[in-house]
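**Student:**
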RNA sequence: UCCGGAGUAGCUCAAUGGCAGAGCAAUCGGCUGUUAACCGAUGGGUUGUAGGUUCGAGCCCUACCUCCGGAGCCA
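Residue numbers (this note's numbering): -18 to 450.
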């Protein structure tokens, strides 16, 4: 048998006889010619069988290959501009082939499919080129997150997934039986990381987190991956400095490594190219002013653009004018409320880069956030909103480090003090100003890949209506 | 939970209350350069479920189920 190679390495073997191992992605015949696209995980290569050059049984086998059959193919690597594939431009002239396992009728044809069907067949859908490209970019995003943090003095310290009580108390938690008790799946590792920074200075935790909110939107999953850096002696400003470096590094690495994949996804990279520090920073007050200005001054056409108006969503019996007026109402913003999704979408379209919004109202944020000095109604919090309408990808804050203030807040939020005794201890034994944030991996993947829906950003999405496969 | 939309062949979709249809996929045949090939032939249906109206229901009515899009919540 000749050398077994990866399709990604085809260019190094032009003129050689090689063996590919993989799966039939597509097959099309033209009489005495048969074109077989083979994938092997590293790429896709067109293999060509020409009847006069082959024993009858080899050509017959090449002709009747079913989609997704596994096989080995041996043949000569040739350069040919006509050859499709990834990397493309090379093809293999088949000499022999061996079917390892003939696939039955494959449900996912290279035609259009509905999303429900594709999600039901997610285990197979992952083989298609688009999903393959997304998973490769996701892997780079994850490895860049880890490498960047490791290289900048952050220590990975894992936090538990089974927890005794709510992290932030607001969101819905998944309950699980824990021996004779109940436990909850973690929705954040932050509180634990606040403990470990007092041992290690700068840390991060990185793992799955769980929220049983009944959310049905393109931005929500019940199980998603989050990286949460936490740093001792960090201010909100230092936090923003670090975040913009961090996010720029992630985007930069993907652009550097995945032109081919971004091309497969037909991603317009012009906005991604602009992602470099510094990012614009506006405070919440200014964001409210900007939104209300959009609310009062935008033309109907601008409202449609800002809120991504889709004629398909026009309710029956309503004119477009009436519907646009309703959309416009979504932009209205009173100081003290948190931003809804339409606000974020409209706001991010004012900027070409990701934008920081800081100093949110204390009332809409978690109990542990440090108040702004002399202005307790605002807190030292910051969200990073991705451009092109993708919205919040990180959320963070300075944390309260004064013991008595934190104790008061726990009481104000009607949390059970005994659940937070250990957390208060962190303020009794050498508490320091500190800050941290969480970055949602799938939202970042969706943004960088330009996905319409977050469910394609994770191999097996878990949502309100999906636990299979 | 609320608002809107949709369930018909393996898939994507048609079908004035009057014989259940097309394209793709599958199978068979033809073709030496295909890129979602093309041409010909063949097979393929409990119209989401349960009830109701009607001479007659995929279509109308009631209830339920499932999914999709959006809101809220958030990363």
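Even glycine gets a Cβ: it sits at the ideal position worked out from N, Cα and C.
#1: Suppose you measure from the CA of residue 357 to the CA of residue 412; what does that come to, to the nearest Å?
#2: Any chance you could list the beta strand (DSSP E) runs of at least 3 consecutive residues sitting entirely within the region 51 to 138, in chain order?
#3: Give the secondary structure of residue 442 by DSSP, where H, G and I count as helix, E and B as strand, and everything else as coil.
#4: Assuming residue 207 contacts residue 421 (C-beta within less than 8 Å), just tell me the rounded distance between them.
#5: For residue 235 and residue 431, I'd like the C-alpha separation in whole angstroms.
#6: Let me check understanding here. Comparing Cα to Cα, which of 37, 52 and 203 lies closest to residue 28?
#7: How far does the alpha helix (DSSP H) with residue 244 in it extend, from its first residue to its last?
#8: If you draw a straight line from the C-alpha of residue 67 to the C-alpha of residue -12, how long is it?
#9: Going by alpha carbons, who is nearest to residue 77 out of 36, 115, 69 and 63?
#10: Scan the region 350 to 376 and note each continuous beta strand (DSSP E) run of 3 residues or more that stays entirely inside, going in chain order.
#11: What three-state label does DSSP hand residue 9 in the structure shown?
#12: Assign residue 428 to buried or exposed, taking buried as 16 or more other Cβ atoms, counted over all protein chains shown, within 10 Å of its Cβ.
#13: Using only the alpha-carbon positions, how far apart do residue 148 and residue 172 sit?
#14: One question on the structure: do residue 178 and residue 219 come within less than 9 Å of each other, judged by their Cβ atoms?
#15: In chain order, what residues of the same chain have a beta carbon less than 7 Å from the beta carbon of residue 121, not counting five sequence neighbours either side?
#16: What did DSSP end up calling residue 384 once you bin it into helix, strand or coil?
#17: Between the region 302 to 319 and the region 239 to 248, do at least 3 Cβ pairs fall closer than 8 Å?
#18: What residues in its chain sit with their C-beta under 8 Å from that of residue 313, if we drop five residues either side in the sequence?
#19: Please classify residue 47: is it buried, with 16 or more other beta-carbons within 10 angstroms of its beta-carbon, or exposed?
#20: Work out the CA separation of residue 174 and residue 3 for me, nearest whole Å.
#21: So for residue 254, helix, strand or coil by DSSP?
#22: By DSSP, does residue 420 sit in helix, in strand, or in coil?
#23: With DSSP as the reference, identify every bridge partner of residue 26, one or two as the case may be.
#24: Does residue 355 pass the burial test, meaning 16 or more other C-beta atoms within 10 Å, or should it be called exposed?
#25: Using a 10 Å radius around the Cβ and a threshold of 16 neighbouring Cβ atoms, would you call residue 424 buried or exposed?
#26: Do the CB positions of residue -14 and residue 0 come within less than 9 Å of each other?
#27: Quick one: grab the DSSP three-state call for residue 269.
#28: When DSSP labels each residue in this structure, what does residue 263 get in the three-state scheme?
#29: Rounded to whole angstroms, what's the CA-CA distance from residue 170 to residue 416? Just pull it up for me.
#30: Could you tell me the distance, in whole angstroms, from the CA atom of residue 142 to the CA atom of residue 166?
#31: Since residue 256 contacts residue 228 with CB under 8 Å, what's their CB separation in whole angstroms?
#32: Report all residues from its chain with a CB closer than 8 Å to the CB of residue 392; omit the five preceding and five following residues, and keep chain order.
#33: Would you tell me roughly how many angstroms separate the C-alpha atoms of residue 282 and residue 88, rounded to the nearest one?
#34: Taking the straight line between their C-alpha atoms, what separation do you get for residue 59 and residue 210?
#35: Specify the secondary structure class of residue 149 as computed by DSSP and reduced to three states.
#36: Hey, quick one: how far does the alpha helix (DSSP H) through residue 202 stretch, first residue to last?
**Tutor:** Reading off the structure:
#1: For the purposes of this step, residue 357 is identified with residue 376 of the first chain, where counting begins at 1. For the purposes of this step, residue 412 is identified with residue 431 of the first chain, where counting begins at 1. When rounded, the distance between both Cα atoms is 21 Å.
#2: Runs found: 51 to 60 and 71 to 82.
#3: Numbered from its first residue, the first chain carries residue 442 at position 461. Residue 442: coil per DSSP, three-state reduction.
#4: Position 226 of the first chain, counted from the first residue, corresponds to residue 207. Position 440 of the first chain, counted from the first residue, corresponds to residue 421. Confirmed, Cβ separation roughly 6 Å.
#5: Looking up residue 235 in the first chain gives position 254. Looking up residue 431 in the first chain gives position 450. Cα to Cα, the separation comes out at about 13 Å.
#6: Within the first chain, residue 28 is the residue found at index 47, counting from 1. Residue 52 is the option with its Cα nearest to residue 28.
#7: On the first chain, position 263 is the one that residue 244 refers to. Per DSSP, residue 244 belongs to the alpha helix (DSSP H) from 240 to 245.
#8: Working through the first chain from its first residue, we reach residue 67 at position 86. Working through the first chain from its first residue, we reach residue -12 at position 7. Put simply, the backbone Cα of residue 67 is about 8 Å away from that of residue -12.
#9: As a position in the first chain, residue 77 is number 96, starting the count at 1. Checking every option, the nearest Cα to that of residue 77 belongs to 36.
#10: DSSP runs (the beta strand (DSSP E)) wholly in the region 350 to 376: 356 to 360 and 362 to 367.
#11: Position 28 of the first chain, counted from the start, is the residue given in the question as residue 9. Of the three classes helix, strand and coil, the one that applies to residue 9 here is strand, per DSSP.
#12: For the purposes of this step, residue 428 is taken as the residue at position 447 of the first chain. In this structure residue 428 is buried. Its beta-carbon is surrounded by 16 or more other beta-carbon atoms within 10 angstroms.
#13: Residue numbering aside, residue 148 sits at position 167 when the first chain is read from its first letter. Residue numbering aside, residue 172 sits at position 191 when the first chain is read from its first letter. Any reading at residue 148 needs caution, since the residue's pLDDT is 49, under 50, leaving its predicted position unreliable; the model's value is listed next. If you take the alpha carbons of residue 148 and residue 172, they lie about 7 Å apart.
#14: In the first chain, counting from the first residue as 1, residue 178 sits at position 197. In the first chain, counting from the first residue as 1, residue 219 sits at position 238. Taking 9 Å as the Cβ cut-off, residue 178 and residue 219 do not qualify as a contacting pair.
#15: Numbered from its first residue, the first chain carries residue 121 at position 140. A distance below 7 Å between beta-carbons, with the five flanking residues on each side excluded, links residue 121 to the following residues of its chain, in chain order: 234, 235, 238 and 239.
#16: Here residue 384 corresponds to residue number 403 of the first chain, with the count starting at 1. In the structure shown, residue 384 sits in a helix (DSSP, three-state: H, G or I).
#17: No, the region 302 to 319 is not in contact with the region 239 to 248.
#18: On the first chain, position 332 is the one that residue 313 refers to. The beta carbon of residue 313 sits closer than 8 Å to the beta carbons of 272, 273 and 276 from its chain, once the five residues preceding and following it are set aside; these are given in chain order.
#19: Within the first chain, the letter at position 66 stands for residue 47. Classified as exposed, residue 47 has fewer than 16 neighbouring CB atoms from the shown chains inside 10 Å of its CB.
#20: In the first chain, counting from the first residue as 1, residue 3 sits at position 22. In the first chain, counting from the first residue as 1, residue 174 sits at position 193. Between residue 3 and residue 174, the C-alpha separation is close to 44 Å.
#21: For the purposes of this step, residue 254 is identified with residue 273 of the first chain, where counting begins at 1. In the structure shown, the three-state DSSP call for residue 254 is helix.
#22: On the first chain, position 439 is the one that residue 420 refers to. Strand.
#23: Residue 26 sits at position 45 when you count from the first residue of the first chain. Bridge partners of residue 26 according to DSSP: 19 and 66.
#24: Locating residue 355 in the first chain gives position 374, where the first residue counts as 1. By the neighbour-count rule (16 or more Cβ atoms within 10 Å), residue 355 is not buried but exposed.
#25: Your numbering for residue 424 matches position 443 in the first chain. Buried.
#26: For the purposes of this step, residue -14 is taken as the residue at position 5 of the first chain. For the purposes of this step, residue 0 is taken as the residue at position 19 of the first chain. A contact, by the Cβ cut-off of 9 Å.
#27: As a working note, residue 269 is residue 288 in the first chain. Helix, per DSSP.
#28: If you number the first chain from 1, residue 263 lands on position 282. DSSP places residue 263 in strand when its eight states are reduced to three.
#29: For this step, residue 170 is matched to residue 189 along the first chain. For this step, residue 416 is matched to residue 435 along the first chain. Those two C-alpha atoms are separated by around 14 Å.
#30: If you number the first chain from 1, residue 142 lands on position 161. If you number the first chain from 1, residue 166 lands on position 185. Cα-Cα distance, rounded: 6 Å.
#31: For the purposes of this step, residue 256 is taken as residue 275 along the first chain, with counting starting at 1. For the purposes of this step, residue 228 is taken as residue 247 along the first chain, with counting starting at 1. A Cβ-Cβ separation of about 7 Å places residue 256 in contact with residue 228 under the 8 Å criterion.
#32: Within the first chain, residue 392 is the residue found at index 411, counting from 1. Excluding sequence neighbours, residue 392 sits near 398.
#33: In the first chain, counting from the first residue as 1, residue 282 sits at position 301. In the first chain, counting from the first residue as 1, residue 88 sits at position 107. If you take the alpha carbons of residue 282 and residue 88, they lie about 42 Å apart.
#34: Counted from its first residue, the first chain places residue 59 at position 78. Counted from its first residue, the first chain places residue 210 at position 229. The straight-line gap from Cα to Cα measures roughly 49 Å.
#35: Taking the first chain and counting its residues from 1, the one referred to as residue 149 is at position 168. Its pLDDT being 49, under 50, residue 149 is placed unreliably by the model, and the measurement read from it follows with that caveat. If DSSP states are grouped into helix, strand and coil, residue 149 belongs with coil.
#36: Stepping through the first chain from its first residue, residue 202 is reached at position 221. Counted as a single uninterrupted DSSP element, the stretch harbouring residue 202 is not any alpha helix (DSSP H), since DSSP gives it neither H nor E.
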